[in-house]
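Below is one structure, written out as structure tokens; the observations come after it.
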Amino acid sequence: MFNRKVLKDRAKSVLATSYWPTLAIVLVYYAASTIIANFFTLNISSTITLYSTSTVILYAGIILIRILMSFAATILLTYPLLVGVNKYLLEQAKGTSPQISEILYAFRSNYSKIVCTVLAKQLVITLLILLPMLALGILSVYLLLKTGYTLPTEFNTAQLERLSVHLTESPAFMLLPLFTILITIPALIKVYDYYLVEYIIAEDSDISWREALRKSKNMMKGNRFATFVLGLSFIGWTMLGVFLCGIGSVFVIPYIFATDAQLYLELSGKTTYEPRNDFEF
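Count along the sequence shown from 1, then add 1; that gives the number in this note's numbering.
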């Protein structure tokens, strides 16, 4: 079990001499990831007058394609950038002076292995969420059809309202809150099991995806809840950033990133940086 105050003190010490470069690389990462995410955002009018079933299916197909494209872009671009940020933070935490160009580390160091690893991680977490939701959707449609409801050939506002009423009255809908909790817990556990994967591959890009996931899970054993609490400990700073129209968050995010780097070094037994008390949050 780690001491979160010690981790935060170490993070403050690192930022005492390298805050602005850290802020710069974090901002570059967030700017790039935002551009990537927005590029694949699909805006469809929520005002429905009259759509045929084929039109609805077409829209659903377009949305699905855009979702898959967004997922692919996240795996191929966003996560490799995050690995580069983590590489920078780890080198910084070890007392060296890395260059901001480290953000491109994943693209020049076993890129395919890094992509396979983050893909494996995200597939496990995503499937833990999607498969139960798909099962609930199929169950809802089955129960809906058993009540005698027939799917219309065209969709308009009145028909959608009627469908909504049928769905909300179905037994599956009544169980939705409980079902949501049940599918969230396993996914959340896996999120924390694989919390350190991006740091592991940032330090060793040769590692296989199976070994990276296994190593992260072993390192997080007995530390999942403590890591969850560590994240909660930043809520005060995050809320302050929100009240300051998001400007404050810009200054807190490097602190969070630096603390996570210290968490990885602590759990991997590689902590070498001694904290100083000349920088306070």
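C-beta atoms are modelled at their ideal positions from N, C-alpha and C, and glycine is treated no differently. It should be emphasised that the depicted structure is a prediction, and the values quoted were computed from it without experimental measurement.
Boundaries (first-last residue) of the alpha helix (DSSP H) holding residue i
i: THR228; result: 225–233
i: SER217; result: 210–221
i: THR239; result: 236–244
i: GLN93; result: 80–94
i: TYR200; result: 198–204
i: TYR106; result: 106–109
Proximity below 8 Å, CB of residue i to CB of residue j
i: PRO81; j: ILE37; result: no
i: TYR200; j: LEU77; result: no
i: ILE254; j: VAL27; result: yes
i: THR23; j: ALA259; result: yes
i: THR228; j: TYR193; result: yes
i: THR79; j: ALA213; result: no
i: TYR31; j: ILE104; result: no
i: ALA284; j: ILE101; result: An answer regarding residue 284 cannot be provided, because it is not within the stretch 2 to 282 covered by the chain.
i: ALA188; j: ILE130; result: yes
i: TYR89; j: PRO99; result: yes
i: ILE257; j: PHE226; result: no
i: GLY237; j: SER250; result: no
Buried versus exposed call for residue i [16 or more other C-beta atoms within 10 Å across all chains shown]
i: LYS9; result: buried
i: ASN4; result: exposed
i: ASP207; result: exposed
i: ARG11; result: buried
i: THR35; result: exposed
i: MET2; result: exposed
i: MET240; result: exposed
i: GLN263; result: buried
i: LEU268; result: buried
i: TYR143; result: exposed
i: MET220; result: buried
i: ALA136; result: exposed
i: ASN87; result: buried
i: LEU128; result: exposed
i: SER217; result: buried
i: TRP21; result: exposed
i: ALA107; result: buried
i: GLY270; result: exposed
i: ASN278; result: The predicted model places ASN278 with a pLDDT of 45, which falls under 50 and marks its position as unreliable; any figure quoted below should be read in that light. ASN278 is exposed by the Cβ-count criterion.
i: THR181; result: exposed
i: LYS6; result: exposed
Residue i versus the options, residue with shortest Cα-Cα distance
i: ALA121; options: LEU179, TYR20, ALA73, ALA33; result: ALA73
i: LEU285; options: SER14, GLN123, ALA32; result: Only positions 2 to 282 of the chain appear in this structure, which leaves residue 285 out of reach.
i: SER110; options: ASN39, PHE235, ASP205, TYR89; result: ASP205
i: ALA94; options: SER14, GLU212, VAL119; result: SER14
i: ILE300; options: THR97, LYS191, THR79; result: For the chain, the structure presents residues 2 to 282; residue 300 sits outside this window and is missing.
i: LEU179; options: GLY232, LYS216, MET134, THR97; result: MET134
i: ARG215; options: ILE186, LEU245, LEU197; result: LEU197
i: LEU266; options: GLY96, SER71, PHE40; result: GLY96
i: THR75; options: VAL251, SER141, LEU146, PHE40; result: PHE40
i: ASP261; options: GLY232, LEU245, PHE252, PHE244; result: GLY232
i: ASP185; options: SER209, LYS147, LEU132; result: The sequence given here places Thr at residue 185; Asp does not occur at that position. With distances taken between Cα atoms, THR185 lies closest to LEU132.
Run through the stretch 3–49 for me and flag every whole alpha helix (DSSP H) of 4 or more residues, listed as ranges in chain order. 5–40
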